[in-house]
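Some notes on the structure that comes next.
What follows is the structure, encoded as structure tokens:
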């Protein structure tokens, strides 16, 4: 086999590999998007039509756009959105603040037992919340008297070991010389963090914002444990309480409410997507 034949064979193998990769990506994308399309289709159907198995009939004969109006009248949907938005925005802001501040200390400051404290804090990621949620609930309700309050959820989720780890990984990539030069110019550590580190960490902040926003917005178990009053419930609890019964469920309204509740998450992701990939890639380079 001559040199030209080898080069032609390599090019053909490369083309075949690319084709197989794109085919695999398309199949995976279809698998991921089909449930979402089914949810959209079900949101404009009557309950009896939702589970009719016809793969070629995604749009019903009678489109029930009133499903989207009924969800606002059959339950206090606006109040649920307000509660969820307040909880999500505050928790996201606090996690960004605490995670970036702690990550700066672990990445750029030298103090005694720094590595030990960091490893101990990060090790908490391996402990499932279900292990300690009962004693935590007893502490929050009996010691701090925060039962049935959004403040309880805010206090529990204001700190994130994962957020500290991710932000630290990004800060490790920023040259130490920038901080040293700022210290020589007389800047305090607070100013270095606020004026140098934060502006340079937009990809990591955007990534953590998406992760925290989605996790808090979609959280079900936490609000289920702490929030009992109907006017304090989040979207997930409200949908469960009003549209999912023991013997029957209103699936059309359930899907319509699910579509509406998904809109803020999509807006957040689309607004920050250009930083998202860069943030994920850059925070996994250096340990």
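In the working numbering, the protein residues as written are 32 to 318.
In this text, a Cβ means the ideal position worked out from N, Cα and C, and glycines have one as well.
A quick note: this is a predicted structure, and the numbers were derived from the prediction, not measured.
Delimiting residues of the alpha helix (DSSP H) encompassing residue i
i, result
"residue 184", "181 to 188"
"residue 273", "266 to 274"
"residue 204", "Premise fails: residue 204 is in no alpha helix (DSSP H) and is neither H nor E."
"residue 97", "97 to 104"
"residue 343", "The requested residue 343 does not occur in the structure, where the chain is confined to residues 32 to 318."
"residue 226", "Taken as a continuous stretch (DSSP letters only), residue 226 belongs to no alpha helix (DSSP H), as it is neither H nor E."
"residue 168", "160 to 169"
Beta-carbon proximity check, residue i vs residue j, cutoff 9 angstroms
i, j, result
"residue 114", "residue 264", "yes"
"residue 172", "residue 183", "yes"
"residue 130", "residue 190", "yes"
"residue 268", "residue 255", "yes"
"residue 236", "residue 300", "no"
"residue 160", "residue 252", "yes"
"residue 223", "residue 112", "no"
"residue 238", "residue 122", "no"
"residue 249", "residue 291", "no"
"residue 101", "residue 246", "no"
"residue 167", "residue 187", "yes"
"residue 55", "residue 117", "no"
"residue 280", "residue 78", "yes"
"residue 341", "residue 207", "Lying before the first or after the last residue shown, residue 341 is absent from the chain, which here runs from 32 to 318."
"residue 107", "residue 262", "yes"
"residue 226", "residue 213", "yes"
"residue 152", "residue 195", "yes"
"residue 282", "residue 81", "yes"
"residue 273", "residue 145", "no"
"residue 125", "residue 185", "yes"
"residue 179", "residue 53", "no"
Three-state secondary structure (DSSP) of residue i
i, result
"residue 251", "coil"
"residue 40", "helix"
"residue 279", "coil"
"residue 144", "coil"
"residue 258", "coil"
"residue 93", "coil"
"residue 299", "helix"
"residue 45", "helix"
"residue 88", "coil"
"residue 306", "helix"
"residue 237", "helix"
"residue 177", "coil"
"residue 191", "coil"
"residue 198", "helix"
"residue 289", "helix"
"residue 315", "Summary for residue 315: the model assigns pLDDT 47, below 50, so the residue's position carries little reliability, and this model does not support an answer."
Chain C within 9 angstroms of residue i, Cβ atoms only
i, result
"residue 125", "Structure shown: chain C not included; a single protein chain is present."
Cβ-heavy atom distance, residue i to the ligand PLP, below 8 angstroms
i, result
"residue 234", "Of ligands this structure carries none, so the ligand PLP is not represented either."
* List in chain order: all unbroken alpha helix (DSSP H) runs of 4+ residues lying wholly within the segment 48 to 85. => 78 to 81
* Would you check if there are 3 or more beta carbon pairs closer than 8 angstroms linking the segment 121 to 139 to the segment 191 to 206? => yes
* When the Cβ atoms of the segment 69 to 76 are set against those of the segment 88 to 95, are three or more pairs found closer than 8 angstroms? -> yes
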